[in-house]
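In our numbering, the protein residues as written are 384 to 928.
Note sheet for the following structure.
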């Protein structure tokens, strides 16, 4: 691909090349975001069912960890790029632009995946056939994404387009995943499959291992022992000491503890009223999962925890956002979309706002203080499939002290567009709730709180408000970034990542960030208390067919 003077990109012979007419930059008040590089998958590695799943992406930061002292002979290797691998690569001498490294086998335990299970054997393949030996410990920043029947792992600090690792599932497709950078025992990556099975593995072990099987995998819901429904979303419980939650298409959430075996008896009572929220606990202390939350009738499409783990937000096929007090297992509040299902949700870093997107083409801003929609973003021309707050952006007028008064967030949709928005609650125009008969609604600037009724009782699910009752936001930026529908958006300190549902990911560098700085940055987030990279996950489960 060649960048031309007018900012357009010419196509190369590759089928994944940039389409004519797509600009390689977009402008914001703070400057240009430029397309730095792309990540994708080798099409030849997709075995089947490419179109059956939608790509989700997870960012993972592996911290320093001493490598085993004695390297083992590899049976294969894979290509790596620049960035965090530079030190190890220099030990191996020069190459032809890429450096082939093979990793020391991991020391993990856990249960091996049996080829006789319903999911079948899992095969790890590589993008290179050269062999050599290194004691590289796997630290760095990685991008994990699913396409078809495979999980791919790319080095985020390398401009290499192809992944450095791929893992194939023979009889089912991976559909969701999450990473915990603070995992105590090394098992930090959870993967949910379309058949309902869940795997827990060590990302570092997968990178170090050169064999053909998933290493040290713990297997949950094996052969649909608890639920044979499709996994839709998965998340670690912040501060949950190894607990994680899996959402399913049958409207249930299951709570797992990785310290417990996944093969214990985990039967649950029959759900008495499918229309009501209910929580059931496993009958035995050793059971895993430990609890079932019945959320709704129809699929739970996406889940997200607040940063401190106090609250859990869910969105579903029925069009409702539900917010729960996680520790109390109590429904706090929620409300319905203007139309259709909700597909995605996310929290602001301070826990004050929730974004949702779905089939009504709107981005909804929910206030935890007011427990209702406080703004609607209008700008997409199709379903909104991914939303995220930019926790690294700060207002030009901010002095870095005090509470956040302006938020930057992004959204992507099936219209192939990335939209950026600025939310400043004290500045948006708020329509008054009532207007004279035959007249037009009047508007007022200022805080929305004074214009709404008092907070509703705990557990109330509100109907969709009238369009005229909710303040409207217009996007700061609307940019067509891909030729195919989008499934997610992520923010890092140096860049914005947009994810196409077919497994193509673009990295847009922020204004003022040099190419060298972005490539060689080995720590996107150094403090999990401030902006935890491990919590960054994008994707949604519902799409037009």
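For every residue, glycine included, the Cβ atom is placed at its ideal position computed from N, Cα and C.
DSSP places residue 405 outside any alpha helix (DSSP H), giving it a letter other than H or E. Here the C-alpha atom of residue 420 lies approximately 9 angstroms from the C-alpha atom of residue 541. For the options 444, 851, 740, 745, the alpha carbon positioned closest to that of residue 566 is the one of 444. For residue 564, no beta strand (DSSP E) encloses it, and the DSSP letter there is neither H nor E. Annotated three-state conformation of residue 539 is coil, per DSSP. The continuous alpha helix (DSSP H) containing residue 587 extends over residues 586-591.
Close CB contacts of residue 762 within its chain, under the 7 angstroms cut and outside five residues either way in sequence, are with 802, 857, 858, 861 (chain order). For residue 754 and residue 697, the gap between their C-alpha atoms comes out near 15 angstroms.
Secondary structure at residue 426: helix, using DSSP grouped into helix, strand and coil.
If you look at residue 875, you'll find it isn't in any beta strand (DSSP E); DSSP assigns it neither H nor E. Judged by DSSP in its simplified three-state form, residue 597 adopts coil rather than helix or strand. Where residue 675 is concerned, the enclosing beta strand (DSSP E) starts and stops at 674-677.
The C-alpha of residue 723 lies about 6 angstroms from the C-alpha of residue 702.
Listed in chain order, the non-local C-beta contacts of residue 805 below 7 angstroms within the same chain comprise 789, 791, 859, local neighbours out to five positions each way being set aside. Just so you know, the alpha carbons of residue 719 and residue 768 end up roughly 17 angstroms apart.
For residue 664, the enclosing beta strand (DSSP E) stretches over residues 661-664. Within the segment 697-737, the runs of beta strand (DSSP E) that reach at least 3 residues and sit entirely inside it are, in chain order, 703-708, 713-719, 725-730. Secondary structure note for residue 614: its beta strand (DSSP E) is the uninterrupted segment 614-619. Residue 853 places its beta carbon 8 angstroms or farther from that of residue 766. Of the candidates 674, 560, 728, 883, 560 places its Cα closest to the Cα of residue 618. DSSP, reduced to helix, strand and coil, places residue 606 within a helical segment of the structure shown. Minimum Cα-Cα distance from residue 583 among the listed residues 593, 577, 597 corresponds to 597.
Fewer than three Cβ pairs drawn from the segment 682-699 and the segment 648-667 lie within less than 8 angstroms of each other, which leaves the two stretches out of contact. The Cβ-Cβ distance between residue 882 and residue 533 does not fall below 8 angstroms. The alpha-carbon separation between residue 878 and residue 693 amounts to approximately 29 angstroms. Burial check for residue 742: the Cβ neighbour count within 10 Å reaches 16 or more, so the residue is buried. Check the Cα spacing between residue 683 and each of 556, 717, 616: the tightest is with 616.
A direct Cα-to-Cα measurement between residue 599 and residue 795 gives close to 36 angstroms. Within the same chain, Cβ atoms closer than 8 angstroms to the Cβ of residue 867 are found at 799, 883, 884, 885, 887, the five residues on either side in sequence being excluded. Runs of the beta strand (DSSP E) lying entirely within the segment 735-784 and spanning at least 3 residues, in chain order: 736-741, 745-750, 755-761, 767-772.
Annotation: the continuous beta strand (DSSP E) that includes residue 863 extends over 860-863.
The DSSP-derived three-state label of residue 801 is strand. For residue 574, the CB contacts under 6 angstroms within the same chain, skipping 5 residues up- and downstream, are 557, 560, 582 in chain order. C-alpha of residue 875 to C-alpha of residue 642: approximately 31 angstroms in a straight line. In this structure, DSSP gives residue 893 a state outside helix and strand, which the three-state scheme calls coil. Within the same chain, Cβ atoms closer than 7 angstroms to the Cβ of residue 418 are found at 407, 408, 889, 891, the five residues on either side in sequence being excluded.
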